[in-house]
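> Protein sequence lines correspond, in order, to chains A, B, C, D, E and F.
Our numbering puts the first residue of the first sequence at 888, with every later residue one more than the last.
Our numbering puts the first residue of the second sequence at 888, with every later residue one more than the last.
Our numbering puts the first residue of the third sequence at 888, with every later residue one more than the last.
Our numbering puts the first residue of the fourth sequence at 888, with every later residue one more than the last.
Our numbering puts the first residue of the fifth sequence at 888, with every later residue one more than the last.
Our numbering puts the first residue of the sixth sequence at 888, with every later residue one more than the last.
Cβ atoms here follow ideal geometry from the backbone N, Cα and C, with glycine treated the same way.
Predicted, not measured: the structure shown is a model, and the values here were computed from it.
There are 6 protein chains.
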Amino acid sequence: MEKRVVIGELASPEYMRRVKDEAQPILIPIGALEQHGPHMSMNPDVLLPGAVAVAVAQQIGALVAPAIAYGYKSQQKSGGGNHLCGTTSLDGHTLSSTVKDILKEFARHGARKICLINGHFENSMFVVEGIDLAIRELRWEGIHDFQVVMLSYWDFVNEDTIARIYPEGFPGWAVEHGGVLETSLMLHLHPHLVDMSCVPTHAAASFPPYDVFPAIPEWTPASGCLSSAAAASAEKGALLFDVCVQGISRALSEAYDARVNASRD
Amino acid sequence: MEKRVVIGELASPEYMRRVKDEAQPILIPIGALEQHGPHMSMNPDVLLPGAVAVAVAQQIGALVAPAIAYGYKSQQKSGGGNHLCGTTSLDGHTLSSTVKDILKEFARHGARKICLINGHFENSMFVVEGIDLAIRELRWEGIHDFQVVMLSYWDFVNEDTIARIYPEGFPGWAVEHGGVLETSLMLHLHPHLVDMSCVPTHAAASFPPYDVFPAIPEWTPASGCLSSAAAASAEKGALLFDVCVQGISRALSEAYDARVNASRD
Amino acid sequence: MEKRVVIGELASPEYMRRVKDEAQPILIPIGALEQHGPHMSMNPDVLLPGAVAVAVAQQIGALVAPAIAYGYKSQQKSGGGNHLCGTTSLDGHTLSSTVKDILKEFARHGARKICLINGHFENSMFVVEGIDLAIRELRWEGIHDFQVVMLSYWDFVNEDTIARIYPEGFPGWAVEHGGVLETSLMLHLHPHLVDMSCVPTHAAASFPPYDVFPAIPEWTPASGCLSSAAAASAEKGALLFDVCVQGISRALSEAYDARVNASRD
Amino acid sequence: MEKRVVIGELASPEYMRRVKDEAQPILIPIGALEQHGPHMSMNPDVLLPGAVAVAVAQQIGALVAPAIAYGYKSQQKSGGGNHLCGTTSLDGHTLSSTVKDILKEFARHGARKICLINGHFENSMFVVEGIDLAIRELRWEGIHDFQVVMLSYWDFVNEDTIARIYPEGFPGWAVEHGGVLETSLMLHLHPHLVDMSCVPTHAAASFPPYDVFPAIPEWTPASGCLSSAAAASAEKGALLFDVCVQGISRALSEAYDARVNASRD
Amino acid sequence: MEKRVVIGELASPEYMRRVKDEAQPILIPIGALEQHGPHMSMNPDVLLPGAVAVAVAQQIGALVAPAIAYGYKSQQKSGGGNHLCGTTSLDGHTLSSTVKDILKEFARHGARKICLINGHFENSMFVVEGIDLAIRELRWEGIHDFQVVMLSYWDFVNEDTIARIYPEGFPGWAVEHGGVLETSLMLHLHPHLVDMSCVPTHAAASFPPYDVFPAIPEWTPASGCLSSAAAASAEKGALLFDVCVQGISRALSEAYDARVNASRD
Amino acid sequence: MEKRVVIGELASPEYMRRVKDEAQPILIPIGALEQHGPHMSMNPDVLLPGAVAVAVAQQIGALVAPAIAYGYKSQQKSGGGNHLCGTTSLDGHTLSSTVKDILKEFARHGARKICLINGHFENSMFVVEGIDLAIRELRWEGIHDFQVVMLSYWDFVNEDTIARIYPEGFPGWAVEHGGVLETSLMLHLHPHLVDMSCVPTHAAASFPPYDVFPAIPEWTPASGCLSSAAAASAEKGALLFDVCVQGISRALSEAYDARVNASRD
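1) Alpha helix (DSSP H) containing ILE936 of chain D: first to last residue?
2) Once you ignore the five residues that flank ALA1118 of chain F on each side, which residues in its own chain have a CB closer than 7 Å to its CB?
3) Are the C-beta atoms of VAL1044 of chain B and some chain C residue less than 7 Å apart?
4) Can you list, in chain order, the residues of its chain whose CB lies under 7 Å from that of ALA1061 of chain D, leaving out five sequence neighbours each side?
5) What does DSSP give as the partner residue(s) for PRO916 of chain A in the beta ladder?
6) Give me, in chain order, the residues of the same chain whose beta-carbon lies closer than 6 Å to that of VAL893 of chain A; leave out the 5 immediate sequence neighbours on both sides.
7) Is the closest heavy atom of the ligand ATP to the C-beta of SER1140 of chain D under 6 Å?
8) Is the beta carbon of PHE1100 of chain D sitting closer than 7 Å to the one on VAL1014 of chain F?
9) Could you say which of E:SER1039, E:SER1115, E:LEU990 lies nearest to PRO1058 of chain E if we only look at CA atoms?
10) Determine the chain E residues that contact TYR902 of chain F at a beta-carbon separation under 9 Å, and present them in chain order.
11) In three-state DSSP terms, what is ASP1144 of chain C?
12) Since I believe THR985 of chain D is in contact with THR985 of chain C (beta carbons under 8 Å), could you give me their beta-carbon distance rounded to a whole number of angstroms?
13) If I measure Cβ to Cβ from ILE1052 of chain B and keep anything under 8 Å in the same chain, skipping five residues before and after, which residues do I get?
14) Along chain B, which residues have their Cβ under 9 Å away from the Cβ of GLU1028 of chain D?
15) Quick check: is the beta carbon of ALA1102 of chain A nearer than 7 Å to any beta carbon in chain I?
16) Report the residue from B:VAL943, B:ASP908, B:ARG995, B:HIS1075 whose alpha carbon sits nearest the alpha carbon of VAL1132 of chain B.
17) I'd like to confirm the pairing. Which residues does DSSP put opposite GLY1034 of chain C in its beta bridges?
18) Tell me the rounded alpha-carbon separation between ALA998 of chain F and LYS991 of chain F.
19) If the cut is a Cβ gap below 9 Å, which residues of chain A does ALA1138 of chain E touch?
20) Can you pull the chain C residues whose beta carbon is under 8 Å from the beta carbon of LEU1038 of chain B, in chain order?
21) Ordered along the chain, which non-local residues of its own chain (more than five positions away) have a Cβ less than 7 Å from that of ASP908 of chain F?
22) Using the beta-carbon of each residue, which ones in chain E are nearer than 9 Å to PHE993 of chain F?
23) Could you spell out where the beta strand (DSSP E) holding VAL1099 of chain D opens and where it closes?
24) How about PRO953 of chain C: is its C-beta nearer than 7 Å to some C-beta of chain D?
25) Quick one: is LEU1080 of chain B near chain A, going by C-beta distance under 7 Å?
26) With C-beta atoms as the reference, is MET1073 of chain C less than 7 Å away from GLY895 of chain D?
27) Please say whether PRO916 of chain D and ALA940 of chain D have beta carbons closer to each other than 7 Å?
28) To which residues of the same chain is TYR957 of chain A closer than 7 Å at the C-beta, ignoring the five residues directly before and after it?
29) Run down chain D in chain order and give the residues with a C-beta less than 8 Å from the C-beta of ALA851 of chain F.
30) In angstroms, rounded to a whole number, what distance separates the CA positions of TYR1003 of chain E and ALA1091 of chain A?
31) For a contact defined as C-beta to C-beta under 8 Å, what are the partners of ILE1004 of chain F on chain E?
32) How many whole angstroms separate the CB atoms of THR981 of chain A and THR1048 of chain B, which I take to be in contact at a CB cut-off of 8 Å?
33) Identify which residue in E:LYS987, E:PRO1104, E:GLU1046, E:MET927 has its Cα closest to the Cα of SER955 of chain E.
34) Between which two residues does the alpha helix (DSSP H) harbouring TRP1060 of chain B extend?
35) In or out: ARG904 of chain D buried (at least 16 other Cβ within 10 Å) or exposed?
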């Protein structure tokens, strides 16, 4: 029987035992509520890192915190743009503050190893800022051994897998919004939230090497997707999920040992 | 068959139709990650308003936004205190900013009727501030018909129900932390997250008419609960749930019409 | 002859002696500028806790800081609402920052025992946040023995007194805005600021178990009061004042000893 | 009989009449809690502009708001420095936010003419910022005729008066901290808060043309005063008070007409 | 003779004429003070976009604002990390606020076309946030035609050029910190700030697909560079400079017309 | 040959050597982009303190940081007002945050002696606040020996020099905006940025002893200057420059020793 890993589902004495006595890492999924085209629900950016987090936690003995469900503003060249209906975003400072506050609380509980698992491209730098601010304030609290890993799950899809998923050529993560990666993963994990009969079939969007604000609505395909997910499948999703979970599981052991090893050299 | 009401599970065209064409209200559950004693998981403050929101939405034709899963700092006299392990809270300004940002986004989508359904006592005033700031900025955007209802679900438990739930006398909502109300609702909705064999049986906590900071740990019962949930049951939970869902459903129709009626008088 | 207790009226050497050598507590009244109906001035929320603070300070040997004269936004169900003319409020973050800054300054002077005496219902949570932020930053300064009591003076009106003040039944503090409590205290302390010939006589306001924003002006009685102060009298004011002053005086000795006692057990 | 001018002492209907119907200006005293040497209380920076405000209001038909009682950090070359015991200051952003919030509330009530009467040198620029931020947000509210005068009362002491007050030479406002000006005014208005037997008699402090942070305590005279108030007298105070009140009264009529006149040219 | 394009060097009447009458775009270089290895000064991130901006401005008839000289925190995988000596960075919110404030001021002057030319990888998202906040507040001012282009100059180095600059294979912009691109451009524009005798010759750094905070110092090559600039030359710099200037000049005309064209379709 | 003093032009190993091994002070010029009349460019407030900083650094062995090029809002009585075209200013909090962030970074590098050299009158108090916030946070980092000097270069123009520069009487620094001081210094240092054929010749502006917001445009001379620079000359500029550089050089040695000496007494 699998052990519970979701923090919210634990009673506090059990949580305390895992965090303080077992020194388990805490994984925090961070996503967004964002339109993902006519064929898919608006929650993949939070469901996918959440599912990855649970699988990784079960594998390595970690805990999963409640997901941060609202993210930073969608950018036109990576998510269609924040002018689109359904996309529901936070100001950068709000997101950074949320990350900072939560990290400091977990540190107060005794946690010293955290991993933020990101599912929304635009979040990264504001999460980085939140981590930096938390570590700064924890230093002021006298805590100097708090270590945070920050990753986006798709960065663990290696070249072999890319070749298998995109046999006709990889368009780049840049236009992977509502595309093959996300749709396949959703077909694998939450098939009832995908309707392949509505999948857009237009060519991948192409953008100039600059951004314009306010966004120029005509630049985003009317579907809201930046490439077609027509080639998505649950099988590809299973493969992708496995690659990410295995990759992240390995990475975390490495990462938390890295400083120790480095200073040992 | 029931219609989907959870925003994250809708594709954006369907969401747009419901928000713009049908002018459906959006319900936002807001809770906390907070210790609730040895017999219960740490997520009732978010699961309970979430379940209420879904039931209300199905009844009145509304949508449910992703819950705000982290809340304001637990206070000793209402939640045991924020020094306790497991309780994971935001600074007040972070919470108000989150509420503000999200409300403005839903307004941008075209929503004009929002309801925040609170499940964590300490959130209220910071949610109020977030609402006030959002309405102010929406005025600056030229939006003057945005209406927000803010409620805590337990305020809909009427006196009759209280008499039935607490036949030996109602200790007051003040000490209802991890007590009969929350535990019964969890037994009704998520029985696997309650372990009645661990339920504390101590007397209700009593506090002086002031607060002390930092909290004095000895004032909080060692269980982390402020009263005993020994009298909790799934049946009471079903009754409470029904009372809240019916009460809130009725309240929302009234509330959104109130201004219209008022100005008509 | 009575000793001066108001900090602003002391020369700094005398203040320093009292704070550092005698370790006197500092009491900070916190109120609001808020309409209180046609029969009363707009300053009771700051005058009343100010008078209580002075009386308590003289009794227990404490100091009284300048009052924080502007408070958080009036809520419709407890103060009539912030849309009313005359009510002059701060954003929540401004109020919390003010409390934080002042507490840190008193700590720098050497004070270790503070009491915030609140006279405006809506202030509480933002004062709590300011206290929490101050204590956090003081930890970073290496100060770990700073203790703050937070109270609202009316919470010291005990049941016996309530029975004497409201012989025909207590409507609850919720609607005690510009009502018998405040008006009686003002008649006792500042009779020239009350004009009983203008006192409203309408029934106590009643509200649904939720809040609506923006406020629905018609919900607030036209007088701006939430209940009638027709039964107010200077005698009741004298009784209330005495009960509050004695209760708070006793509470403060208890409170500042509580941690010591707790850790001694 | 003199009319009441203090806003806090008015019932809201009277306040509304004065602000909306009579369009009376609102004067806001802004001061500090700051050590002022061994011979004087710590509240002159708030009492003096408060008294000036009341006298001006009675003369020109204006209202006086509750004073902002805590100010910006004392600087070594103008107030002895913020390291001194008793001096109790706000961060700059807190002060600016307070000013902003209050101004916006008075504008909401209908006030269009405000005057901030400053009694603490170091406040000026943060008050200016608060005014600028308020005017900006009021523009967003659609209010374009809100006019604010900002002044420090001592800037109305003209050269003739200076010659009479300082017959042996004017040391400059820079070292007028706890000196002849403030002490004379306090002797005139609040003689029980001055003890001339403790007045320092040292020479005026002199400082280099730069500031050093943290302050170098030895640069501030041990008394905390920057010059001697030995030559202060109640008579000088009466003269100074009269000059300030008359000057400010004249200035305000001019100021509020200035834009009108300017645009008429 | 070339026309002056640097705003700071213009007298205000000339600036006003260019901004208001000629509607010239304003280009704002944004960089950082950051270590760039032992062979190069710490200012390339601000000098390079500054030089590009001037050349573009002369070509298309635009103005160049003072550079924002301090940027966001260096990240280990793109700039070596912010723990390194010499790297001098702002918090994210400070940078976003700076961008916001400046954009709003240029809008007040009458400018409607802005381009931020970025020279420091880590700045991008905080600049994006500053732009978004400025456009929001400008809407509140009633300004709806303000258009901002945001670009990083290296994104205009096309594939042909990459092939010529990196004949032995392009390591990716990710490790182009203190590498061939920046060093060649500096050799072309500011040769006295490069000392090729100190150029590191180590292999390109390689990093795992995640970030760790605090940075693990051993992951960054001791030189502070992420790849070797041994193959840099002034000739390559001239080519790169020309490609960027031409590309950006073309892009700007397109970009400012894009909305017009889009809405015309 | 002169040693490089500009931090941006040093490679990081050299910078580290100077800051850590030689403990050189860091001088930070801080200015503004502000209209300075029809005869002069808009950058004197940043160029002048920048030139002073370089000369002082060469004389005393210090380093010069990149200038803070945007400053606080121009005030009508000292800079013509922030409503003028070309003047480009930051909010007060943005400026204070910038100063805070930069100071903390230099402290991280090992610097312990900083001097902010101001060239824009209105910056002072916000720089002071930034310094105070930085020192506070550095204390939390455990750094207690960080010392900051803050000065405005014109405060080093002594009375003798004033008599030589203004033989017909000194109008006061208050109206020295675009006047003889700044224009002479620019003629000495950057003659190509001054066009004396356009110099205004009107009388010095005079203002009442109060400020009005929004500014009354008619109060500022149409030229944007507050006095005439007709009497400016490169010779006067050379004299002024020399007096400032010598005065500041002397002041800095004194200042950094002051605490040591003080505590030795």
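On the basis of the coordinates in this document:
1) A small correction: the amino acid at residue 936 of chain D is Pro; Ile does not occupy that position in the sequence shown. Segment 931-947, the alpha helix (DSSP H) holding PRO936 of chain D.
2) VAL1067
3) no
4) Annotation for ALA1061 of chain D: LYS964, SER965 place their beta carbon closer than 7 Å to its own, counting only its chain and skipping 5 residues before and after.
5) A:ILE1004
6) VAL951, listed in sequence order.
7) With respect to small molecules bound, the structure shown includes none, and the ligand ATP cannot be examined in it.
8) no
9) E:SER1115
10) GLN922, MET929, CYS972, GLY973
11) helix
12) 7 Å
13) VAL1044, VAL1067, LEU1068, SER1071, LYS1123, LEU1126, LEU1127
14) ARG1023, ARG1026, TRP1027
15) In summary, chain I is missing from the structure at hand, where the protein chains are A, B, C, D, E and F.
16) Answer by Cα proximity: B:VAL943.
17) With the sequence shown as reference, residue 1034 of chain C is identified as Gln, and Gly is not the correct amino acid for it. BP columns for GLN1034 of chain C point to C:LYS1000.
18) 9 Å
19) The answer, in chain order, is PRO1095, PRO1096, TYR1097.
20) PRO1096, TYR1097, ASP1098
21) Same-chain partners within the cutoff: there are none.
22) Neighbours of PHE993 of chain F across chain E, judged by C-beta separation under 9 Å: THR975.
23) 1098-1100
24) yes
25) It does: the Cβ of LEU1080 of chain B has a partner Cβ on chain A nearer than 7 Å.
26) no
27) yes
28) ALA919, LEU920, THR975, SER976, LEU977
29) For residue 851 of chain F there is no data in the structure shown, the boundaries of chain F being 888 and 1152.
30) Looking at the sequence shown, residue 1003 of chain E is not Tyr but Leu. Taking the straight line joining both Cα atoms gives about 27 Å.
31) Those do not exist, as ILE1004 of chain F stays about 15 Å from chain E at its closest Cβ, beyond 8 Å.
32) Not quite, the Cβ-Cβ distance comes to about 38 Å (not below 8 Å), so this is no contact.
33) The sequence shown places Ile at residue 955 of chain E, rather than the Ser named in the question. Measuring from the Cα of ILE955 of chain E, the nearest candidate turns out to be E:LYS987.
34) Counting along the chain, TRP1060 of chain B sits inside no alpha helix (DSSP H), nor does DSSP assign it H or E at all.
35) exposed
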